[in-house]
Amino acid sequence: MLEKLLQRAKDNPSLLSSPLTTIATYPTNGSSSVSARDMQNSSNVLDNKLANESPTTLCGESFNDTRLYIQDRPRQEWANLSTIYFVTPTYPRREQVPELTRLAYTLLHVPRLHWIVANDHNACNPYLDTLLNRFGIPYTHLASPMPQRFHKAESKPRGVANRRAAMQWLRQHNITTGVLYFGDDDNTYDLKLFSEIRDTKHVSMFPVGLIANYGISGPVVCKGKVIGFLDSWVAGRRWPVDMAGFAVSLSYMAEHPNASMPYKPGYEEDYFLRSIGLTLDMIEPKGSNCTEILVWHTQTKNHERTMVKLNHEYLDDRSNLGALFKALSDMGVSGASDSEGQKAIISKNGKSKPLGYFLS
Ligand SMILES: *[C@@H]1O[C@H](CO)[C@@H](O)[C@H](O)[C@H]1NC(C)=O
Numbered sequence: 001m002l003e004k005l006l007q008r009a010k011d012n013p014s015l016l017s018s019p020l021t022t023i024a025t026y027p028t029n030g031s032s033s034v035s036a037r038d039m040q041n042s043s044n045v046l047d048n049k050l051a052n053e054s055p056t057t058l059c060g061e062s063f064n065d066t067r068l069y070i071q072d073r074p075r076q077e078w079a080n081l082s083t084i085y086f087v088t089p090t091y092p093r094r095e096q097v098p099e100l101t102r103l104a105y106t107l108l109h110v111p112r113l114h115w116i117v118a119n120d121h122n123a124c125n126p127y128l129d130t131l132l133n134r135f136g137i138p139y140t141h142l143a144s145p146m147p148q149r150f151h152k153a154e155s156k157p158r159g160v161a162n163r164r165a166a167m168q169w170l171r172q173h174n175i176t177t178g179v180l181y182f183g184d185d186d187n188t189y190d191l192k193l194f195s196e197i198r199d200t201k202h203v204s205m206f207p208v209g210l211i212a213n214y215g216i217s218g219p220v221v222c223k224g225k226v227i228g229f230l231d232s233w234v235a236g237r238r239w240p241v242d243m244a245g246f247a248v249s250l251s252y253m254a255e256h257p258n259a260s261m262p263y264k265p266g267y268e269e270d271y272f273l274r275s276i277g278l279t280l281d282m283i284e285p286k287g288s289n290c291t292e293i294l295v296w297h298t299q300t301k302n303h304e305r306t307m308v309k310l311n312h313e314y315l316d317d318r319s320n321l322g323a324l325f326k327a328l329s330d331m332g333v334s335g336a337s338d339s340e341g342q343k344a345i346i347s348k349n350g351k352s353k354p355l356g357y358f359l360s
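Going letter by letter, the sequence shown gives residues 1 to 360 in UniProt numbering.
And the structure:
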């Protein structure tokens, strides 16, 4: 949250001087409107850029739902529901595998869902692919790295390349039915959210808990209609909502071929919703007229990756240690080193012993 607030609080000079100036300058000049032509131009610029500079790799995919039962009902009973395309941007870090595992066990309860996991990485991560495959949820695993020119940016447009790659995938597959939802890997989702958004006609909205100073961000609803927004960071945003606070019908999105998302930290949601021509009266409030919180912006504390000092001669098949540290390394959690890191302590009966004591 802090990172996002910092991102949002600061105007980013490197972004302003980038080729995306048309879109990047808008909200900082205090104006609160942007012409349809501007939006269209920016979308075109963005799309052309994306195709060349940040190629997406398809790492793995499965359209088979191999779950036998979902919420105590056989899978076939859910066959007529519309599909939710759940787009999860993710990036390599110590917490990546645990977060995706936790999210997967939520999604396992959700019928008719296609999970698009887009990883901010140059190459496909086979460990991730095996993991995703194992859950039996239909999925698409993409490697969609953030363009190089943002790597040194003070506030990085994290997740944008990934969401754009997912939107491109939807376009390429000509998917014009179902519902699109952007679900980060570190949020908490109430299962009711999925039944609420599934019948989205155009754009549905709902409150997100644990956002910024108010602990909440979401629409203000009067007589069943959205009349404004409660969010502590306005900053000229017409749609001051969190990424997890809305869902879009794909048939509606298909009417807006310029739908896009800018590489502008803090303004991703606003510009995306502008790019699909959203108007206030179109919004469908969910969660009992936005009185329920069905999604939470929980965030895991990020820790640096660590090294454990452990001589490689002990990482063989005499014990579990070799396989365990291989897994930790594959998951990007920690690694073993002969010379670096905190010394591995193995103990028995309350006393630490050198590894040679156990493995000789
Ligand atoms: C939302 O509010 C409207 C108007 O008061 C009401 O008719 C409708 O039943 C409410 N919807 C829900 C799901 O509570």
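All C-beta atoms, glycine included, are put in the ideal place defined by N, C-alpha and C.
These figures come from a predicted structure and were not determined experimentally.
Assignment of E95 by DSSP, reduced to helix, strand and coil, places it in the coil class. N122 counts as exposed, since fewer than 16 other C-beta atoms from the protein chains shown sit within 10 angstroms of its C-beta.
In the structure shown, the three-state DSSP call for R198 is coil.
Counting along the chain, S347 sits inside no alpha helix (DSSP H); it lies in the beta strand (DSSP E) bounded by residues I346 to K348.
Those residues that bring their Cβ nearer than 6 angstroms to a heavy atom of ligand 1 are K223, G224, S288 and N289. In the structure shown, the three-state DSSP call for N289 is helix.
With fewer than 16 other Cβ atoms inside 10 Å of its own Cβ, Y105 counts as exposed. In the DSSP assignment, S329 falls within the alpha helix (DSSP H) that extends over L321 to D330. For F135, the enclosing alpha helix (DSSP H) begins and ends at P126 to F135.
The DSSP-derived three-state label of E77 is helix.
Counting other Cβ atoms within 10 Å of its Cβ, V234 stays below 16 and is therefore classed as exposed.
T306 and A336 have their alpha carbons spaced roughly 9 angstroms apart. In this chain, the alpha helix (DSSP H) harbouring E268 covers E268 to S275. Of the candidates G245, L58, F246 and K225, L58 places its Cα closest to the Cα of D120. Contact between M205 and V179 does not hold, since their C-beta atoms are separated by about 13 angstroms, which reaches or exceeds 8 angstroms. When secondary structure is reduced to three states using DSSP, M146 falls in the coil class, being assigned neither helix nor strand. Just so you know, the alpha carbons of H173 and L321 end up roughly 44 angstroms apart.
For the stretch 203-254, the continuous alpha helix (DSSP H) assignments of 4+ residues that do not extend past its boundaries occur at 250-254, in sequence order. Our two residues, A212 and E313, have alpha carbons roughly 49 angstroms apart in a direct line.
For M261, the three-state secondary structure derived from DSSP is coil.
For L180, the enclosing beta strand (DSSP E) starts and ends at V179 to F182. Rounded to the nearest whole angstrom, the CA to CA distance from G215 to D231 is 9 angstroms. Counted as a single uninterrupted DSSP element, the stretch harbouring G60 is not any alpha helix (DSSP H) but the beta strand (DSSP E) occupying residues T57 to S62.
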